[in-house]
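Only one structure is covered here, and it is reproduced in the block below.
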Amino acid sequence: MRIMSFFEDHGDVDAELESIYRFRKKVQHLEREYLELRILLRDAEAALRGDPEDGEKRVRVHHYKRRLEHLERQHPWISSGYAREIGLWAPPAG
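With my numbering, the residue at position 22 of the sequence shown is 37, and numbering never jumps.
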């Protein structure tokens, strides 16, 4: 009895990998922006903890939080903790 992989059963591996590559290139700028915003927010919150009365720091933290919320609303997968590629190549459950 021969055990076949999912790709052997369901088509061209190269085409599947190419679709994953195209997807990654398409969303790479969003992932980079999200990471940069999270780092900026972390640093802004740390600065605000050091000087909680500074209005400019409070505004900066609020601004970064709003931008992150906007990205998460537009692209919920960005903060889901699951790799988006899984839906492109993983075999169906069950």
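Even glycine gets a Cβ: it sits at the ideal position worked out from N, Cα and C.
Can you tell me the Cβ-Cβ gap for residue i and residue j, rounded? I've got them flagged as a contact below 8 Å.
i: V76; j: A59; result: 5 Å
i: L52; j: L83; result: 5 Å
Go through its chain and collect everything with a Cβ distance to residue i's Cβ below 8 Å, but skip five positions before and after it.
i: G70; result: none
Ordered along the chain, which non-local residues of its own chain (more than five positions away) have a Cβ less than 6 Å from that of residue i?
i: H44; result: none
i: S94; result: E87
Using the Cα positions of residue i and residue j, report the straight-line distance between them to the nearest angstrom.
i: R111; j: R57; result: With the chain covering only 16 through 109, there is no way to say anything about residue 111.
i: E68; j: I35; result: 47 Å
i: K11; j: H85; result: Residue 11 lies beyond the stretch modelled for the chain, which goes from 16 to 109, so this question has no answer here.
i: R47; j: R81; result: 17 Å
i: G96; j: K40; result: 19 Å
i: Y49; j: A62; result: 20 Å
i: V74; j: R64; result: 13 Å
Who are the Cβ neighbours of residue i in its own chain at under 7 Å, not counting the five residues just before and after it?
i: Y79; result: L52, L55, L56 and A59
i: H90; result: L45
i: D66; result: K72
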